[in-house]
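A.B. asks:
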Amino acid sequence: MTEMPQSTQVRDPHENEFIQAVSDVMTSVGPVMDKTPEYRRHGITERIVEPERIITFRVPWMDDMDRVRVNRGFRVEMNSAIGPYKGGLRFHPSVNQSILKFLAFEHVLKNALTTLPLGGGAGGTDFEPKGKSDGEVMRFCQSFMAELFRHIGADTDVPEGDIGVGSREIGYLFGMYRKLRNRFTGVLTGKGLGWGGSLIRPEAAGFGCVYFSAQMLDTRKDTLERKTCLVSGSGNVAQATTRKLIEMGAKVVTLSDSSGHIYDEQGIDADKLAFVKRLKNIRRGRISEYIDQYAHAVYTPAAPDQATNPLWRHRAQCVFPCATQNEINKQDAYLLINNNVKLVCEGASMPCTANAQDIFIDKKILYAPSKAANAGGVAVSGLELTQNSIRLSWLGEEVDNRLKIIMKGIHDTCLAAADAYGRPGNYLMGANIAGFIKVADAMLDQGLV
Ligand code: GLU
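For the sequence shown, my numbering gives the first residue as 9, with consecutive numbering after it.
1. Mind checking whether the beta-carbon of residue 94 lies closer than 7 Å to any heavy atom of ligand 1?
2. Could you tell me how far apart the beta carbons of residue 101 and residue 126 are, in whole angstroms, since I believe they sit closer than 8 Å?
3. Indicate, with yes or no, if ligand 1 has a heavy atom lying under 7 Å from the CB of residue 197.
4. Could you check if residue 102 belongs to the surroundings of ligand 1, using beta carbon to heavy atom distance under 7 Å?
5. Going straight from the alpha carbon of residue 387 to that of residue 247, what length do you get?
6. With distance defined between alpha-carbon atoms, name the residue in 303, 335 and 322 nearest to residue 315.
7. Taking 7 Å as the cut-off, is the CB of residue 386 close to at least one heavy atom of ligand 1?
8. Restricting to Cα atoms, I'd like to know which of 243, 110, 279 and 121 is closest to residue 132.
9. Below 8 Å on the Cβ atoms is my contact criterion, and I expect residue 435 with residue 376 to pass it. Report the Cβ-Cβ distance as a whole number of Å.
10. Is the closest heavy atom of ligand 1 to the C-beta of residue 170 under 7 Å?
11. State whether the segment 202-214 contacts the segment 393-402, with contact taken as three or more CB pairs (one from each stretch) at a distance under 8 Å.
12. Going by the CB atoms, is the gap between residue 218 and residue 253 shorter than 8 Å?
13. Apply the 10 Å Cβ neighbour rule to residue 344 and answer buried if 16 or more other Cβ atoms are within range, or exposed otherwise.
14. Enumerated in chain order, which unbroken segments of the alpha helix (DSSP H) with a length of 4 residues or greater are wholly contained in the segment 137-165?
15. Which value, in whole angstroms, describes the spacing of the CA atoms of residue 418 and residue 410?
16. Across which residues does DSSP place residue 264 in a beta bridge pair?
17. In whole angstroms, what separates the C-alpha of residue 45 from that of residue 286?
18. Between which two residues does the alpha helix (DSSP H) holding residue 338 run?
19. Just to confirm my understanding: we take residue 224, look at its own chain, exclude 5 residues before and 5 after, and list those with CB closer than 8 Å. What are they?
20. Can you tell me whether residue 352 is helix, strand or coil according to DSSP?
21. Taking 7 Å as the cut-off, is the C-beta of residue 464 nearer than that to any heavy atom in ligand 1?
22. Quick check on the burial criterion: 16 or more other C-beta atoms within 10 angstroms. Buried or exposed for residue 395?
23. With DSSP collapsed to three states, give me the class of residue 232.
24. Mind checking whether the beta-carbon of residue 440 lies closer than 7 Å to any heavy atom of ligand 1?
25. With distances taken between CB atoms, is the gap from residue 309 to residue 267 smaller than 8 Å?
26. Please determine whether the Cβ atom of residue 334 lies at a distance below 7 Å from any heavy atom of ligand 1.
27. Based on the DSSP secondary-structure assignment, which residues constitute the bridge partners of residue 239?
28. In chain order, what residues of the same chain have a beta carbon less than 6 Å from the beta carbon of residue 306, not counting five sequence neighbours either side?
29. Hey, quick one: how far does the alpha helix (DSSP H) through residue 119 stretch, first residue to last?
30. On the DSSP letters alone, give me the boundaries of the alpha helix (DSSP H) that residue 410 sits inside.
31. Specify the secondary structure class of residue 56 as computed by DSSP and reduced to three states.
32. Grouping DSSP H, G and I as helix and E and B as strand, with all else coil, what is residue 444?
33. Cβ-heavy atom distance between residue 79 and ligand 1 below 7 Å?
34. Are the beta-carbon atoms of residue 364 and residue 340 separated by less than 8 Å?
35. Hey, would you say the C-beta of residue 87 is under 7 Å away from at least one heavy atom of ligand 1?
36. Could you give the first and the last residue of the continuous alpha helix (DSSP H) run that contains residue 183?
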């Protein structure tokens, strides 16, 4: 086991999420470091945990009552050894430097796994879009971009959405960038279809996650057909995961938002999912409204003060956490195991705590970490950039086929790396090792920069 680079805990002892993400990777890559002494000699672990650059900035904006508001903006440019920084923008009150460094660090390895030329970054702000008017969101995005534009570019740093940033926000951000630079380039991904976006991009993380889970089940000669599934979240990733699971013959019984979750024993079908999409994407309502429409379903409010999340108390064979980081803890993991879970495939970034991961691996559950399982999102962002560069748009079927090939490639790469280091079937180790080696080798080749 490789120890954490000292600098991480000494310099940033309060950055819990970042330390968690780094220690997850460092634990896996111990054997790699032992086998490749050049990595130690060239300080790869010390360098890979230190962002190449962090930009922090003031975001002043005017609310609908003509009051001045100020939020804090960030962009963490983590590693560009294999391509321009790439990763989402998160708009959520919990956003701080630790969360963005963890997301950026995850992206370094995740993006490497896609095989596309993408470095890693992440950004965002503590602005809360919930409850804001369209005008407020637009003015905020414009002010945010009025600073961010000088740090990004199609060959430098290419943001996209994350929690709280969807097609509406990407539109306002892109419009402001184009005005300031007088240039129409692929500087953001997740763009609208009429102005450079890619078909399948909104669905990619969720579809990719389900393709990955099917690959995992296939190693045990099993399929998703008729499996009962728990999905958390109700945003982009949760919606697409649910859609693909329905298409593949599985039954999804839960969805959630930060206020609580719904349980629909009959299963969420295509019509119910269409209702959820209208509710969340257009009306921007709460998931609790599901039971007004479907009275047989049950709504349970979130209980953040309780030791376990009520959503994970339901019985299911397959679990897709698609909401946020650390949403499955040790107690939740035991509940799921007691209910005979077979597979946990992460749609959100780092939704399982380190203890929960250990339990799943120890109990030989098929467990896929987010940097492998949700890499389809950033992979199709890479394909969007390619389409922008060649000024073409591919058909949805073409993008989906490429996504399937990429997800199968990531799956097989993880298994091969885990095998090579004597931990067959350990997708966590496999993903960390394969992503790390690719970036470490590029850093070695490029000297001490
Ligand atoms: N926020 C998404 C993710 O975590 C997308 C990032 C991107 O495409 O740049 O994968």
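From the three backbone atoms N, C-alpha and C, an ideal C-beta is built for every residue, glycine too.
Predicted, not measured: the structure shown is a model, and the values here were computed from it.
C.D. replies: Taking the coordinates as given:
1. yes
2. No, residue 101 and residue 126 are not in contact; Cβ-Cβ is about 28 Å, not under 8 Å.
3. yes
4. no
5. 18 Å
6. 335
7. yes
8. 110
9. 5 Å
10. yes
11. yes
12. yes
13. buried
14. 142-156
15. 12 Å
16. 269
17. 54 Å
18. 338-346
19. 351, 353, 374, 376, 419 and 435
20. strand
21. Residue 464 falls outside the range modelled here, since the chain spans only 9 to 457, and no answer is possible.
22. buried
23. coil
24. no
25. yes
26. no
27. 328
28. 271
29. 105-121
30. 404-428
31. helix
32. helix
33. no
34. yes
35. no
36. 175-189
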